[in-house]
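Reading through the structure tokens given below for one structure.
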Amino acid sequence: MKERARRIHITSSGPRTGTTLLAEVMKTCFEIDGYCDHEAPLCRSNSSFGKCNIILTKYPSDIKYFEKVLKWDPKLFVICLIRDPRDMVCSYHGKIEDKYYCDLKYWFSFIKDFEKLKGNPRVLLIKYEDFTQNPDRVQELIMENAPFLIKKHNFSEFHLFAQPVNDSLKALKKLRPIESKGIGNWKNHLPRIKQQIQEFDSIDSSLIAFGYESDTNWSELLKNVESEIFVTVKKNVHGVWRQTKSLILTYLNIYLEKRGVDPDKFLAPFKKII
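Listed below in structure tokens is the structure:
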């Protein structure tokens, strides 16, 4: 069997949760010799990055079937970044500044899929709020759980050394020190929160489970709020065939690479068919 590179994959509870920022911070502040320019799903092969020791990829809201991939690939380490879902659904993307970017469906999909990953020693759950308020402590936490990483810079100083590509820069809006000013911004968007809960369901129990609230009293803020209609840019729609195809491709990538075969070359004729 051929030795494969270690793979760190950043995923999340949905879009607008800080995955772009965390990926930029990690590739700047750790010795990582292979990484995607902006986003790459787990089904992208290690071989496509060339000869590397550590590969960093990120793709938000992408944890379905991860429990299977973790069994297949002992070199895989997953960082799952979560954010208060109320702030998530009130966030704007740098490219589209006049519409809310995502909805609560992402959150409900996440809490269902994450149940299968709880307790896995190669899955690290990080709160966006902790990351932005105390980045150096989060860096220590990552190193405790992934001791193979070698530190180059403190997370809090990443902006002094980072060179993000254009797509990442647009998502970040601008290159700046890590800051936490967006935490709790949902309180300025109560009609949006009410509309999302009416459309999807109560989030009380999950807010308590993930430590965002200690009780349900927060919902009192919505009592006299008028719900409005809002356009959401990105819908959580992943077809069954697309997810199945990604899972099969991931398995084949791992299987072939362990046997010294370049999966991208081997599978190229089949990819044209499917």
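According to full-length UniProt numbering, the sequence shown is numbered sequentially starting from 1. Every residue, glycine too, gets a C-beta built ideally from N, C-alpha and C.
- Other residues of its chain near I8: CB distance less than 6 Å, five sequence neighbours each side excluded: L56 and F77
- Task: Note down, in chain order, each residue of its chain lying with its Cβ closer than 8 Å to the Cβ of K58, except the 5 sequence neighbours on either side.
- Result: H9, I10, T11, T19, T20, L22, A23, C36, E39 and A40
- Message: Quick test of your reading: Y128 and L169, contact by CB under 8 Å. State the CB separation rounded to the nearest angstrom.
- Response: Not a contact, Cβ separation roughly 19 Å.
- Out of A162, A146, F270 and E157, which has the shortest C-alpha to C-alpha gap to L249? F270
- Message: Taking the alpha helix (DSSP H) that S48 belongs to, which residues open and close that run?
- Response: Run containing S48: none; DSSP gives neither H nor E here.
- List the residues that DSSP assigns as beta-bridge partners of R7. I55 and L76
- Item | Spatial neighbours of Q195 in its chain, beta-carbon cut-off 8 Å, leaving aside the 5 residues before and after | S227, E228, I229 and F230
- Quick one: is F210 buried, meaning 16 or more other Cβ sit within 10 Å of its Cβ, or exposed? buried
- For G260 and P85, the rounded distance between their alpha carbons: 42 Å
- Task: Please name the residue, chosen from A268, D264, D262 and E257, that lies closest to W72 on a Cα-to-Cα basis.
- Result: E257
- Roughly how many angstroms separate the alpha carbons of C90 and D262, rounded to a whole number? 43 Å
- Item | Start-to-end residues for the beta strand (DSSP E) that takes in C102 | Y100 to C102
- Given that a residue counts as buried once 16 or more other Cβ atoms are within 10 Å of its Cβ, and exposed if not, what is G14? buried
- Message: Considering only their Cβ atoms, is the gap separating R4 from K68 smaller than 8 Å?
- Response: no
- Message: To the nearest angstrom, how far is the alpha carbon of E31 from that of S156?
- Response: 16 Å
- Item | Span of the beta strand (DSSP E) around K234 | T232 to K234
- Label P121 either buried or exposed according to how many other C-beta atoms from any shown protein chain fall within 10 Å of its C-beta, with 16 as the threshold for buried. exposed
- DSSP puts L141 in a beta bridge; with which residues? Bridge partners of L141: none, in fact.
- Query: Thinking C-alpha only, which one of R242, D87, G182 and M1 is nearest D62?
  - Reply: R242
- Going by C-alpha distance, which of L207, M1, W218 and S246 is nearest W107? L207
- Is DSSP giving L190 helix, strand or coil here? helix
- Task: Would you mind reading off the limits of the alpha helix (DSSP H) that contains L207?
- Result: D204 to A209
- Message: Going by C-alpha to C-alpha distance, which of M26, R44 and M1 sits closest to Y251?
- Response: R44
- Item | 8 Å contact criterion, which P191 and V225 should meet: CB distance rounded | 6 Å
- Query: Who are the near neighbours of C29 in its chain, counting only those whose CB is closer than 6 Å to its CB and skipping five residues on each side?
  - Reply: K152, H153, F155 and F158
- Query: Under a Cβ-count criterion, where at least 16 other Cβ atoms within 10 Å of its own Cβ denotes burial, should T17 be classed as buried or exposed?
  - Reply: buried
- Query: Considering only the beta carbon of each residue, do Y101 and K234 sit closer than 8 Å?
  - Reply: yes
- Message: Taking its Cβ as the centre, do 16 or more other Cβ atoms sit within 10 Å of R137, making it buried, or is it exposed?
- Response: exposed
- Residue range of the beta strand (DSSP E) that V123 falls in? V123 to K127
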